[in-house]
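Colleague:
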Amino acid sequence: MLKNFSVGTELQTYYDRCEGLTASNLRKNLSAEALVLGLLLLVFSNLVGTSAAATVNHVTISIQDLPSAFSTKVYVNGSFVASVAGGGSLTVDFNSSATVSVQKYVPETYYNYAWSPAGAAGGGVAFYAPLSTRDFTSSGSYTFSYYALYFLNVLSDYGHPVGSGWQVAGSWAPVIVEDIEGSSSTVRYRFKEWKGGPLRSSPEDPSNAVFMDSPKVVEAEWENQYYLKVESDFGKPSGEGWYDSGSAATLSVTTPTEAEDGVRYVFSRWSGDYSDESSTATVTVNGPMTVVAEWKKQYYLSLNPNGGKVSTASGWFDEDSYVTVSAVTPVEETTDSRLVFNHWKGALSTSNPTESLLIDAPKELDAEWSRQYLLTAQTQFGAAVGGGWYDADSTASFSVESPTVPAGIWGWFGVEYVFSHWSGDSNSPSSEASIVMHGPKVVSAVWALSLTKFYVLIGIVGAVLAVAVWKRQRVGLLISSLADRMRQPAGKASSG
Numbered sequence: 008m009l010k011n012f013s014v015g016t017e018l019q020t021y022y023d024r025c026e027g028l029t030a031s032n033l034r035k036n037l038s039a040e041a042l043v044l045g046l047l048l049l050v051f052s053n054l055v056g057t058s059a060a061a062t063v064n065h066v067t068i069s070i071q072d073l074p075s076a077f078s079t080k081v082y083v084n085g086s087f088v089a090s091v092a093g094g095g096s097l098t099v100d101f102n103s104s105a106t107v108s109v110q111k112y113v114p115e116t117y118y119n120y121a122w123s124p125a126g127a128a129g130g131g132v133a134f135y136a137p138l139s140t141r142d143f144t145s146s147g148s149y150t151f152s153y154y155a156l157y158f159l160n161v162l163s164d165y166g167h168p169v170g171s172g173w174q175v176a177g178s179w180a181p182v183i184v185e186d187i188e189g190s191s192s193t194v195r196y197r198f199k200e201w202k203g204g205p206l207r208s209s210p211e212d213p214s215n216a217v218f219m220d221s222p223k224v225v226e227a228e229w230e231n232q233y234y235l236k237v238e239s240d241f242g243k244p245s246g247e248g249w250y251d252s253g254s255a256a257t258l259s260v261t262t263p264t265e266a267e268d269g270v271r272y273v274f275s276r277w278s279g280d281y282s283d284e285s286s287t288a289t290v291t292v293n294g295p296m297t298v299v300a301e302w303k304k305q306y307y308l309s310l311n312p313n314g315g316k317v318s319t320a321s322g323w324f325d326e327d328s329y330v331t332v333s334a335v336t337p338v339e340e341t342t343d344s345r346l347v348f349n350h351w352k353g354a355l356s357t358s359n360p361t362e363s364l365l366i367d368a369p370k371e372l373d374a375e376w377s378r379q380y381l382l383t384a385q386t387q388f389g390a391a392v393g394g395g396w397y398d399a400d401s402t403a404s405f406s407v408e409s410p411t412v413p414a415g416i417w418g419w420f421g422v423e424y425v426f427s428h429w430s431g432d433s434n435s436p437s438s439e440a441s442i443v444m445h446g447p448k449v450v451s452a453v454w455a456l457s458l459t460k461f462y463v464l465i466g467i468v469g470a471v472l473a474v475a476v477w478k479r480q481r482v483g484l485l486i487s488s489l490a491d492r493m494r495q496p497a498g499k500a501s502s503g
């Protein structure tokens with residue numbers, strides 16, 4: 008639009024129109040034409056200003072030598088714009104000038120990514136951009152290049168190792184330890200060799216360098232001897248002395264060790280620099296070691312079941328431990344004789360068959376029992392009450408629920424069984440009786456058939472029938488008399 012617009016052409020047209028006008032008309036037209044000219048100039052100036060303000064610069068930013076799995080943040084004039092993956096690009100628009108920057112290190116928290124072979128996959132690798140900022144005043148393009156960094160982990164138990172940290176990929180990174188030879192009461196050691204590489208010089212050289220073609224772990228190995236100390240209050244310990252690093256030492260003590268009657272000490276475990284529960288053990292000596300034999304004090308519990316059954320047998324138990332002793336009750340001797348737990352005697356005095364006992368000294372414990380006999384109460388009719396187990400020499404009561412029992416369907420007519428007496432180990436005539444349980448007992452209820460109520464019922468029924476017959480005869484006579492009177496002639500009837 009601006010290319011086709013000509014201010015000179017429009018002005019010439021204006022002057023041409025003014026030729027031949029009178030002064031009066033000229034004044035009138037000048038006012039109108041001046042207004043039109045002013046508007047044209049205003050439009051022109053706005054169009055020209057708009058064209059200048061619309062000028063935009065474009066810069067294409069590319070990321071080089073950064074793997075596609077990583078990305079870097081792009082900033083324009085200090086403001087975050089976008090994240091661009093390795094190998095990617097981003098176009099940035101600006102007017103007059105722009106400062107474009109990317110992360111100097113990827114990842115941003117690379118210094119936290121200390122690496123070891125057991126670390127997460129991809130650890131120990133970071134990237135560095137030496138030139139991470141660029142200023143632009145016009146359109147163009149720029150490539151930010153990254154260089155790989157690998158983490159070097161220098162491990163050593165001794166010698167103040169030097170070299171751990173981030174190193175430039177493809178460089179030789181120094182790895183150094185002090186070559187120490189020394190001795191003490193518990194340790195002797197010297198530098199042996201480096202493990203890992205590739206190394207610049209011999210692995211036996213303590214001042215060396217490793218080639219950084221990947222994340223690295225370089226470890227210093229040492230030749231050493233350690234002293235193994237074995238401590239024990241009992242049991243004649245053996246195995247104390249000097250041992251080569253990595254060699255095996257055999258530890259042992261004699262267990263158990265008797266102290267006094269009902270008291271002994273039993274090996275519990277090795278503690279200190281070695282842990283195991285076997286009294287004879289093999290330990291690998293990889294450093295100065297102090298191994299202590301720990302012992303448990305035990306007391307003997309003598310438990311006498313006295314013919315019954317208990318769940319715990321006599322034996323040795325740890326000091327201050329609790330033992331649950333339990334009497335199995337009842338204990339069947341025969342089908343009609345048994346033992347029932349009564350109480351504990353000795354270290355416990357309780358009637359609870361199951362109890363917890365604190366072992367704080369040698370102890371004795373006896374289980375006491377009561378013998379019981381079975382009373383069997385039998386009956387052919389009804390139900391017997393009182394059968395069951397009773398303590399020996401105690402008195403047992405027994406009975407029948409009712410001294411009379413209906414005789415089946417004949418019971419509707421008054422036929423019944425009546426308790427007569429007991430038989431067996433009791434001949435009491437009473438339906439409620441007792442017996443002393445000197446042993447197993449059997450009692451049986453004896454019954455007699457009674458027709459008394461049946462006869463009474465028959466008599467009542469007979470009397471009722473006789474009365475009914477008599478009444479029927481009386482009614483018949485009355486009806487017959489009335490009929491005769493009704494058959495008489497009317498005259499007799501009226502005269503009469």
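All letters in the sequence shown, in the order written, are residues 8 to 503 by our numbering. No residue lacks a Cβ here, since even glycine has one placed at the ideal position from N, Cα and C. Treat the numbers as computed from the prediction; the structure is a model and nothing was measured.
I want to know whether the stretch 421-438 touches the stretch 400-410 - three or more CB-CB distances under 8 Å.
Modeller: yes
Colleague: In whole angstroms, give me the CA-to-CA distance for P369 and S239.
Modeller: As a first step, residue 369 must be located in the sequence shown, where it is residue number 362. As a first step, residue 239 must be located in the sequence shown, where it is residue number 232. Rounded to whole angstroms, P369 to S239 spans 24 Å at the Cα level.
Colleague: Run through the DSSP bridge pairs and tell me what G431 is partnered with.
Modeller: Taking the sequence shown and counting its residues from 1, the one referred to as residue 431 is at position 424. For G431, which the question treats as bridged, DSSP gives the partners V450.
Colleague: Once you ignore the five residues that flank K460 on each side, which residues in its own chain have a CB closer than 7 Å to its CB?
Modeller: On the sequence shown, residue 460 is found 453 positions in, with the first residue counted as 1. Closer than 7 Å at Cβ, skipping near neighbours: G421 and E423.
Colleague: Any idea what DSSP makes of I68, helix, strand or coil?
Modeller: The residue given as residue 68 occupies position 61 in the sequence shown. In this structure, I68 counts as strand in the three-state DSSP scheme.
Colleague: Give the range of the beta strand (DSSP E) segment to which R207 is assigned.
Modeller: As a working mapping, residue 207 is identified with position 200 in the sequence shown. Element bounds for R207: n/a, residue is neither H nor E.
Colleague: Ordered along the chain, which non-local residues of its own chain (more than five positions away) have a Cβ less than 8 Å from that of S90?
Modeller: Taking the first residue of the sequence shown as 1, we reach residue 90 at position 83. Only S78, T79, K80 and V81 meet the Cβ criterion.
Colleague: Could you pull the DSSP bridge partners for Q174 from this structure?
Modeller: In the sequence shown, the residue the question calls residue 174 occupies position 167. Under the DSSP definition of a beta bridge, Q174 partners with Y157.
Colleague: Compare the beta carbon distance of V520 and V225 with 8 Å and say whether it is the shorter of the two.
Modeller: It is not possible to answer for residue 520, since the shown part of the chain is limited to 8 through 503.
Colleague: Tell me the start and end of each unbroken alpha helix (DSSP H) in the stretch 351-394 that is at least 4 residues and wholly inside, in chain order.
Modeller: none
Colleague: Give a yes or no on whether the C-beta atoms belonging to P263 and V273 are separated by under 8 Å.
Modeller: In the sequence shown, counting from the first residue as 1, residue 263 sits at position 256. In the sequence shown, counting from the first residue as 1, residue 273 sits at position 266. Contact: yes.
Colleague: Could you check which residue in N434, A300, M219 and P337 has the C-alpha nearest to that of W454?
Modeller: Residue 454 sits at position 447 when you count from the first residue of the sequence shown. The residue with the shortest Cα to Cα distance from W454 is N434.
Colleague: From V169 to P222, what does the alpha carbon distance come to, in whole angstroms?
Modeller: The sequence position of residue 169 within the sequence shown is 162, counting from 1. The sequence position of residue 222 within the sequence shown is 215, counting from 1. Across the structure, V169 and P222 are spaced so that their CA atoms are roughly 16 Å apart.
Colleague: Under the three-state reduction of DSSP, which class applies to Y117: helix, strand or coil?
Modeller: Start at 1 with the first residue of the sequence shown, and residue 117 comes out as number 110. Note: Y117 maps to helix in three-state DSSP.
Colleague: Nearest-angstrom Cα distance between R494 and L485?
Modeller: What you label residue 494 is simply residue 487 of the sequence shown in a count that begins at 1. What you label residue 485 is simply residue 478 of the sequence shown in a count that begins at 1. Distance between the alpha carbons of R494 and L485: 15 Å.
Colleague: Judging by CA-CA distance, which residue of S214, R141, P244 and S208 is the nearest neighbour of D186?
Modeller: Here the question's residue 186 lines up with position 179 in the sequence shown. Residue S214 is the option with its Cα nearest to D186.
Colleague: Extract the residue ranges of the beta strand (DSSP E) inside the stretch 289-327, only unbroken runs of 3 or more that lie entirely within it.
Modeller: 296-311 and 322-325
Colleague: Looking at the strands, I want to know which residues DSSP matches up with P413.
Modeller: For the purposes of this step, residue 413 is taken as the residue at position 406 of the sequence shown. In DSSP, P413 forms a bridge with E423.
Colleague: Looking at C-alpha atoms only, which residue of Q232, N311, A266 and A256 is the closest neighbour of T289?
Modeller: Locating residue 289 in the sequence shown gives position 282, counting from the first residue. Minimum Cα distance to T289 is reached at A256.
Colleague: Measure the alpha-carbon distance for Y149 versus S171 and round it to whole angstroms.
Modeller: Looking up residue 149 in the sequence shown gives position 142. Looking up residue 171 in the sequence shown gives position 164. So the alpha carbons of these two residues sit roughly 35 Å apart.
Colleague: Going by DSSP, what residue range makes up the alpha helix (DSSP H) through Q480?
Modeller: Residue numbering aside, residue 480 sits at position 473 when the sequence shown is read from its first letter. From DSSP, the alpha helix (DSSP H) with Q480 extends over T459 to R494.
Colleague: For A76, which residues from the same chain have a beta carbon less than 7 Å from its beta carbon, with the 5 sequence-adjacent residues on both sides left out?
Modeller: The residue you call residue 76 lines up with position 69 of the sequence shown. The answer is none, since no qualifying residue turns up.
Colleague: CB V330 to CB L364, shorter than 8 Å?
Modeller: Here residue 330 corresponds to residue number 323 of the sequence shown, with the count starting at 1. Here residue 364 corresponds to residue number 357 of the sequence shown, with the count starting at 1. Yes.
Colleague: Less than 6 Å between C-beta atoms, sequence neighbours within five positions excluded: which residues of the same chain meet that for T106?
Modeller: Along the sequence shown, read from residue 1 onward, the residue named residue 106 stands at position 99. So the qualifying residues of the chain are N84 and D142.
Colleague: So S254 and G246 are supposed to be a Cβ contact under 8 Å. How far apart are they, rounded?
Modeller: Numbered from its first residue, the sequence shown carries residue 254 at position 247. Numbered from its first residue, the sequence shown carries residue 246 at position 239. Not really, about 12 Å apart at Cβ, beyond 8 Å.
Colleague: Given this structure, state the Cα-to-Cα distance separating L456 from A384, to the nearest angstrom.
Modeller: Here residue 456 corresponds to residue number 449 of the sequence shown, with the count starting at 1. Here residue 384 corresponds to residue number 377 of the sequence shown, with the count starting at 1. Between L456 and A384, the C-alpha separation is close to 21 Å.
Colleague: With distance defined between alpha-carbon atoms, name the residue in V194, M219 and S190 nearest to G203.
Modeller: In the sequence shown, the residue the question calls residue 203 occupies position 196. The shortest C-alpha separation from G203 is found at M219.
Colleague: So for G189, helix, strand or coil by DSSP?
Modeller: Residue numbering aside, residue 189 sits at position 182 when the sequence shown is read from its first letter. In this structure, G189 counts as strand in the three-state DSSP scheme.
Colleague: Where does G95 sit, in a helix, a strand or coil, going by DSSP?
Modeller: As a working mapping, residue 95 is identified with position 88 in the sequence shown. Reduced to three states, the DSSP call for G95 is coil.
Colleague: Using only alpha-carbon positions, find the residue among S401, P337 and N311 that is nearest to E371.
Modeller: Locating residue 371 in the sequence shown gives position 364, where the first residue counts as 1. Selected option, being the one with the closest Cα: N311.
Colleague: Leaving out five residues before and five after S328 in sequence, what residues of the same chain have Cβ atoms less than 7 Å from its Cβ?
Modeller: Counting from one through the sequence shown, the residue named residue 328 turns up at place 321. Same-chain partners within the cutoff: I366.
Colleague: Anyone know if the C-beta pair for H167 and V194 falls short of 8 Å?
Modeller: Start at 1 with the first residue of the sequence shown, and residue 167 comes out as number 160. Start at 1 with the first residue of the sequence shown, and residue 194 comes out as number 187. No, the Cβ-Cβ distance between H167 and V194 is not below 8 Å.
Colleague: Kindly indicate the opening and closing residues of the beta strand (DSSP E) around G2.
Modeller: There is simply no residue 2 to check, as the chain begins at 8 and stops at 503 in what is shown.
Colleague: Determine the contact status of T98 and T144, defining contact as a CB-CB distance below 8 Å.
Modeller: Looking up residue 98 in the sequence shown gives position 91. Looking up residue 144 in the sequence shown gives position 137. No, these two residues do not count as a Cβ contact at 8 Å.
Colleague: Taking DSSP as the reference, what is the three-state secondary structure of G85?
Modeller: Translated into positions along the sequence shown, residue 85 becomes position 78. Coil.
Colleague: From what residue to what residue does the beta strand (DSSP E) around M110 run?
Modeller: The residue you call residue 110 lines up with position 103 of the sequence shown. The question names Met, but residue 110 is Gln in the sequence shown. First-last for Q110: undefined, no H or E at that position.
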